[in-house]
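Respectively, the protein sequence lines represent chains Z and V.
So in our numbering, spot 6 of the first sequence is number 6, and the numbers just go up one at a time.
If you count the second sequence from 1, you need to add 1000 to reach our numbering.
Cβ atoms here follow ideal geometry from the backbone N, Cα and C, with glycine treated the same way.
Protein chains: 2
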Amino acid sequence: MTPDSETHLSELAKALAHPARLRILQLLARTPGCIGGDIVGAIGLAQSTVSEHLRILKAAGVISGEIDGPRICYALAPQAFAPLSQFIATLPLADDTCCTPSPTMPEKDLT
Amino acid sequence: MTPDSETHLSELAKALAHPARLRILQLLARTPGCIGGDIVGAIGLAQSTVSEHLRILKAAGVISGEIDGPRICYALAPQAFAPLSQFIATLPLADDTCCTPSPTMPEKDLT
DNA sequence: TTCGCCTATCGTCGATTGACGATTTGATAG
DNA sequence: CTATCAAATCGTCAATCGACGATAGGCGAA
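Written out as structure tokens, the structure is:
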């Protein structure tokens, strides 16, 4: 794992690390066509705040914004999350570690 | 999607949203047995900083810490990431949206 | 051109995060 | 009991984040 890919992965994760951004992504996934300012109404935050979240998502490369006349058409770039999925998928290699209490049912840990 | 699960997902993502924590998770995944303070040496941060990252990971439920004599045995809880993987997996539903430039090859977007 | 709508950017604010050294807690060894 | 080592917690600091209102820019309609 190069420091580069580490940074990239953490930036991908950061894009998902906010409820508002999760909602935006879901909204994009659900909406059949293009969507612009309707996002503001659906999310319930100020227009400038939503724009900022969209900027973050775009900077992370997980959405793209196409200018479509007076508005903008946002679309998911689902492939962008592949590295993150892969990373998660490679983690459970160690499910036979010495003292895992119960990986399949970790109800109580010493929080 | 309940507000609850939104929060939970964003917290899972936040656990991954830092290079040091990614490195810790990888280290845990790679290490055959238990591991305690060796993490500090491997990560290259101060002991208190590493301890804080471990606390965050534990709070997110993605690792568990078992007291093992004078040290602590940390172990992954790989299942913890399942909700996040699922969320990502459900996103590409909209790959037929009106104006996706090219979901399979989004080389250039209007960054 | 001028108006109105949609989006982006700017500036500011409080809250949170990340890092560190210093200190405290906990358990084993002597 | 005391020394020692590992880990957690505390206190502090700079940096980043998230939200907002205000403002600026782009485009179509009148």
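Length of the line joining the Cα atoms of residue i and residue j
i	j	result
A1013 (chain V)	G69 (chain Z)	35 Å
A1015 (chain V)	R71 (chain Z)	35 Å
D1004 (chain V)	R1055 (chain V)	22 Å
A17 (chain Z)	I1067 (chain V)	30 Å
R1023 (chain V)	D1038 (chain V)	13 Å
M1001 (chain V)	I63 (chain Z)	20 Å
C1073 (chain V)	I1035 (chain V)	5 Å
P1078 (chain V)	E1011 (chain V)	15 Å
A29 (chain Z)	E1006 (chain V)	15 Å
P92 (chain Z)	P1092 (chain V)	24 Å
Exposed unless 16 or more other CB atoms sit within 10 angstroms - verdict on residue i
i	result
A1080 (chain V)	buried
A59 (chain Z)	exposed
G65 (chain Z)	buried
T1031 (chain V)	buried
A89 (chain Z)	exposed
Cβ neighbours of residue i in the same chain (closer than 7 Å, five flanking residues each side left out)
i	result
L1009 (chain V)	P1083, L1084, F1087
K1047 (chain V)	Here residue 1047 (chain V) turns out to be Gln, not Lys, going by the sequence shown. Result list for Q1047 (chain V): V1040, in chain order.
Contact set for residue i: own chain, Cβ-Cβ below 8 Å, skip 5 residues either direction
i	result
A20 (chain Z)	I43, L45, T49, V50, H53
L1027 (chain V)	I1035, I1039, A1042, I1043
L1025 (chain V)	L1016, L1057, V1062, I1063, L1076
Own chain, CB closer than 6 Å to residue i, minus 5 neighbours either side, in chain order
i	result
A75 (chain Z)	S64
G1061 (chain V)	A1080
Contact residues within the region 81-93 of chain Z, judged by C-beta distance below 8 Å to chain V: Residues of the region 81-93 of chain Z whose Cβ lies closer than 8 Å to any Cβ of chain V, in chain order: F81, L84, S85, F87, I88, A89, T90, L91, P92, L93.
Chain-ordered residues of the region 38-64 of chain Z with a beta carbon less than 8 Å from chain V: So the close ones are K58, A59, G61, S64.
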